[in-house]
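Undergrad: Those protein sequences? They're chains S and A, same order as listed. The numbering used here puts the first sequence at residues 1 to 246. The numbering used here puts the second sequence at residues 247 to 770. Note that the Cβ used here is the ideal one computed from N, Cα and C, for glycine as well. Here you go, one structure.
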Amino acid sequence: MKTLATYNIKGGVGKTTAAVNLSVLAVERGRRVLLWDLDPQAAATFLFRVRPKVKGGGRRLVRGRTPVDGLIKGTDHEGLDLLPADFSYRHMDLFLDGASQPKRLAAVLEPLADEYDLVFLDCPPSISLVSENVFRASDALLVPLIPTTLSLRTLDQLERFVADELEDGPELLPFVSMIDRRKALHREIAEELGSRPGVLRAQVPTATEAERMGVHRDAVGSFAPTSRVARAFATLWAEIEDRLAL
Amino acid sequence: MAPRPTAPEPTIFRGAPRDLGPDELAARLVADLDGELHPACHEARTFHDTPDWRVHRGGWVLETVPDPRGEWVVTLRDRGAAPGLLRAPAPAPPVFARDLPRGRLRDLVGPALDVRALRPLTTITAEVHPVTVRNREGKAVARLAVEQWRGDHDEPVVTWVWLTPVRGYPKEAGRAREWLDRAGLQPAATDPAEHAIESTGSTPGKEAGRLPRRLDGAGPAATAFVACFQALLEGLEANLEGAIEGIDIECLHDFRTGLRRLRAGLAHAKGVVPEELRACFRPELAWLHRVTGPARDLDVMDLWISLLVPGAAGNGDGPSPLRPVAERVAHDRDAARRQMVSDLRSARAVSVLADWGDTLAHLRASAHDPVGADAGEWGPWPDLAAQPLTDVVDRRIRRSLKAVRDGFGSARKGAVPIEVLHDLRKQGKDLRSLLELFAAAYGTERVRDMVKELKGMQDVLGALNDADVQEQALLALLDEVGSGAGAEEAAAALTSLASAAARRQEAARAAAGPLIAPVAARRW
């Protein structure tokens with residue numbers, strides 16, 4: 001079982017959009033996938049039409065008192081299951097308190113190792129104890145970057161953190177997200193990012209189809225399979241599969 | 247078997263009322279369960295397995311269906327469960343592990359297939375009516391499919407209803423199950439795949455050529471010999487087409503193993519079956535064994551070289567000085583195979599197996615009580631036919647064991663010629679065949695350890711033999727290397743391979759003694 005997290009310190013960069021679309025693509029390619037919506041905003045949970053509720057609350061889950069097995073919900077995509085978000089996740093830092101337990105999220109997932117090929121963690125924006133747990137639970141971080149100067153800076157910060165603070169940390173897979181090619185700055189920064197080692201080549205455009213996921217409550221591939229953004233996610237997933245030898 | 251998901255168990259139901267069409271049944275489901283009916287589709291579904299049922303034995307069903315885009319996809323599911331374990335693009339048959347799409351399908355099924363090929367077993371056509379039950383959020387909470395199989399003339403054959411619960415929504419699946427129960431449907435006793443395969447006359451999982459599991463050691467020897475011969479004939483027949491078509495190299499291997507056992511059995515049937523019968527069939531079976539030998543040797547060599555040459559067996563691409571060698575071996579193997587196919591299709595081969603089948607049919611009629619009876623057209627049964635099986639076989643085993651012991655004695659005398667070791671290998675095969683043929687009369691416990699030791703001995707002597715054959719073949723190829731482009735590299739590669747084969751022989755010789763000694767020390 002490989003664990004991939006969609007992560008960025010910043011919000012609104014397309015983490016949930018990526019997690020939902022990539023998990024559906026992974027299932028379509030024969031993987032058994034679990035998506036864990038760690039964001040108390042519960043956007044991924046909403047998109048999969050699941051009630052944002054974890055029986056017993058987040059604290060009991062991450063402390064191993066509620067078995068994860070009974071909390072998982074199937075989605076409309078056979079083979080893709082969801083561990084829903086819960087509003088109590090807003091206190092996740094408190095649940096994970098104490099630096100001596102930085103592997104609690106990994107421990108929650110451990111019993112599922114034979115059941116899934118891939119786990120996607122859809123993370124809330126921040127750099128916190130949650131993030132550190134996510135880093136330790138993940139084999140790779142998928143880092144969506146809107147091509148702006150600030151994005152470059154946050155990528156630098158993330159790279160430094162992973163290199164300095166973690167031994168044997170996850171592989172970083174940054175990719176350009178929500179690029180608007182009408183904007184010169186986007187084009188310039190995207191080009192700069194493209195030349196940076198490790199950055200994935202596929203670029204996900206900003207698109208109304210991505211916004212309409214909330215209306216259809218599904219991945220773009222399900223209602224606009226030929227759209228640019230659907231094709232971009234397919235290319236991105238193929239590249240991720242290659243990079244991680246999935 | 248690989249670990250299975252702990253997701254809810256899907257169920258397959260049968261027993262829909264005969265007067266209810268699949269569309270009507272689906273419509274009732276939709277109305278009563280507040281479901282959504284998807285457009286009906288017609289599917290041609292083909293079930294696949296290896297000739298020795300590795301998919302079935304793994305607990306799976308592997309089927310290919312065309313998807314709505316017109317491409318073929320392969321679906322793997324647990325037997326008795328609804329589809330959903332995984333789907334992937336389907337390669338064209340015959341399909342080896344290396345041909346499976348990279349990913350879970352290959353990871354899961356590949357090791358079980360090993361070197362065996364998947365082949366299509368049967369195709370059914372089905373009219374499918376999918377239904378999704380949704381909750382108030384519009385979310386799928388249970389999936390059903392009403393599926394009616396149609397016959398050659400489009401007549402309804404059987405109706406199945408597949409219920410796949412969605413994880414986390416057990417109540418909704420329970421409602422659907424109750425509905426099906428009220429409608430008179432029951433969980434199916436057999437998987438649809440088994441149903442389809444059985445309708446072709448095959449028995450899923452039945453290993454053709456499997457020797458009898460029970461033999462009466464105190465009963466007439468003739469009965470047991472004939473029962474073994476019959477099982478071996480069925481194995482030969484089951485593997486013949488696979489060997490001819492070259493589905494995978496194991497079909498030929500299994501065919502030859504069956505032949506070897508049959509020849510050994512017939513050799514040891516002296517005094518048990520009429521001598522004229524033995525005199526008629528032994529040379530013919532030896533001929534069959536002989537004409538299939540070169541193709542098998544080259545199959546083994548091709549397999550060995552393919553492991554060394556990138557791209558030769560789908561194991562990656564890249565230049566290699568061994569590539570011309572691999573191509574030459576493949577060419578020779580193809581030529582040997584063509585000759586073998588011609589021989590196996592010949593009137594002589596066809597009549598050997600047909601006559602052997604007829605003969606066994608006649609022998610079976612009187613083998614249970616051979617005293618004073620005729621063995622079909624072959625005259626009266628000989629004296630030993632009526633003797634207790636173990637009395638007869640015990641003597642054969644002792645004699646065969648002594649031959650191994652004597653052979654081992656000769657083989658221990660320093661650097662013996664390889665022919666001595668080849669003879670010892672054949673003596674070991676003969677003994678093993680005897681033990682395996684009649685193991686059921688002695689109980690597997692008594693025979694198992696000795697067979698295991700014999701296998702160890704044969705493996706090492708077989709490796710020695712294979713390496714010897716390969717070294718000779720490589721040196722012969724070296725003689726043919728010309729002076730054109732790449733000749734020097736090819737010669738160097740051949741020399742390297744021949745040296746490797748020679749080293750493997752040395753290693754096998756060094757390992758042989760300790761593996762043969764326990765067999766030679768055995769008493770029966």
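1. Once DSSP output is grouped into helix, strand and coil, what is the label at Phe120 of chain S?
2. With a threshold of 8 Å between beta-carbons, can Asp117 of chain S be considered close to chain A, or not?
3. When you compare only the Cα positions, how much space is there between Met247 of chain A and Val407 of chain A?
4. From Arg644 of chain A to Glu444 of chain A, what distance separates their C-alpha atoms?
5. I'd like to know if Tyr415 of chain A contacts chain S, where contact means its C-beta is closer than 8 Å to some C-beta of that chain.
6. Whole angstroms are fine: how far does the CA of Val320 of chain A sit from the CA of Ala338 of chain A?
7. Taking Lys675 of chain A as the query, report the chain S residues whose CB atoms sit under 7 Å from its CB, ordered along the chain.
8. What is the residue span of the alpha helix (DSSP H) that Lys701 of chain A lies within?
9. Please work out which residues of its chain come closer than 8 Å, Cβ to Cβ, to Leu606 of chain A, disregarding the five sequence neighbours upstream and downstream, and give them in chain order.
10. Go ahead and label Pro124 of chain S buried or exposed: buried means 16 or more other beta carbons lie within 10 angstroms of its beta carbon, across all protein chains shown.
11. Please say whether Val220 of chain S and Met178 of chain S have beta carbons closer to each other than 8 Å?
12. Just checking Thr378 of chain A against the ligand FAD - is the residue's beta carbon closer than 7 Å to any of the ligand's heavy atoms?
13. Going by DSSP, which residues form a beta bridge with Gly74 of chain S?
14. Going by DSSP, what residue range makes up the alpha helix (DSSP H) through Gly281 of chain A?
15. Should Glu383 of chain A be flagged as near chain S, meaning a C-beta pair shorter than 8 Å?
16. Just the C-alpha distance for Lys15 of chain S and Thr6 of chain S, rounded to the nearest angstrom, thanks.
17. Thinking C-beta only, is Leu670 of chain A closer than 8 Å to Ala467 of chain A?
18. Under 8 Å: do the region 37 to 48 of chain S and the region 73 to 87 of chain S share three or more Cβ pairs, one atom per stretch?
19. Output yes if chain S places a C-beta closer than 8 Å to the C-beta of Leu498 of chain A; else output no.
20. Let me check one thing: in DSSP terms, what residues is Cys287 of chain A bridge-paired to?
21. Listed in chain order, which residues of the region 13 to 34 of chain S have Cβ atoms closer than 7 Å to some Cβ of chain A?
22. Sort S:Leu129, S:Leu141 and S:Asn133 by Cα distance to Phe120 of chain S and report the nearest one.
23. Would a check of beta-carbon distances place Gly349 of chain A closer than 8 Å to chain S?
24. Ignoring anything shorter than 4 residues, give me the alpha helix (DSSP H) runs that lie fully in the region 526 to 612 of chain A, in order along the chain.
25. In whole angstroms, what is the alpha-carbon distance linking Leu554 of chain A and Glu752 of chain A?
26. Could you check whether Leu512 of chain A and Phe527 of chain A sit closer than 8 Å to each other, using their CB atoms as the reference points?
27. Enumerated in chain order, which unbroken segments of the alpha helix (DSSP H) with a length of 4 residues or greater are wholly contained in the region 111 to 164 of chain S?
28. Mind checking if Val412 of chain A is an interface residue toward chain D, Cβ cutoff 8 Å exclusive?
29. Just the Cα atoms here: how many angstroms apart are Thr45 of chain S and Ala207 of chain S?
30. Going by C-alpha to C-alpha distance, which of A:Glu735, A:Phe342 and A:Thr368 sits closest to Pro357 of chain A?
31. Could you tell me which of A:Arg380, A:His302 and A:Arg300 sits nearest to Lys227 of chain A, measuring between CA atoms?
32. Examine chain A for any beta-carbon lying closer than 8 Å to the beta-carbon of Val50 of chain S, and answer yes or no.
33. Report the option in S:Ala26, S:Glu28, S:Asp180 and S:Ala137 whose CA atom is closest to the CA atom of Glu110 of chain S.
34. For the alpha helix (DSSP H) that Thr208 of chain S lies in, which residues bound it at each end?
35. By DSSP's criteria, Phe293 of chain A is part of a beta bridge. Which residues make up the other side?
36. According to a CB-to-CB cut-off of less than 7 Å, which residues of the region 357 to 390 of chain A neighbour chain S?
TA: Taking the geometry as given:
1. strand
2. yes
3. Its pLDDT being 35, under 50, Met247 of chain A is placed unreliably by the model, and the measurement read from it follows with that caveat. Each residue's alpha carbon lies about 27 Å from the other.
4. 43 Å
5. yes
6. 11 Å
7. Under the 7 Å cutoff, chain S gives no residues; its nearest Cβ is about 42 Å from Lys675 of chain A.
8. Thr690 to Glu726
9. Val472, Phe475, Gln476 and Leu479
10. buried
11. no
12. By its list of ligands, the structure shown contains no ligand whatsoever, and the ligand FAD lies outside what it can speak to.
13. S:Asp81
14. Here Gly281 of chain A belongs to no alpha helix (DSSP H); instead the beta strand (DSSP E) covers Gly281 to Leu283.
15. yes
16. 5 Å
17. no
18. yes
19. no
20. A:Val374
21. Arg29, Gly30, Arg31 and Arg32
22. S:Leu141
23. yes
24. 569 to 591 and 593 to 612
25. 20 Å
26. yes
27. 129 to 137
28. Protein chains S and A are contained in the structure displayed, whereas chain D is not.
29. 21 Å
30. A:Phe342
31. Shown here, chain A extends from 247 to 770; a query on residue 227 of chain A therefore has no answer.
32. yes
33. S:Ala137
34. Thr208 to Glu211
35. A:Glu309 and A:Thr368
36. Glu383, Gly384, Lys385 and Ala386
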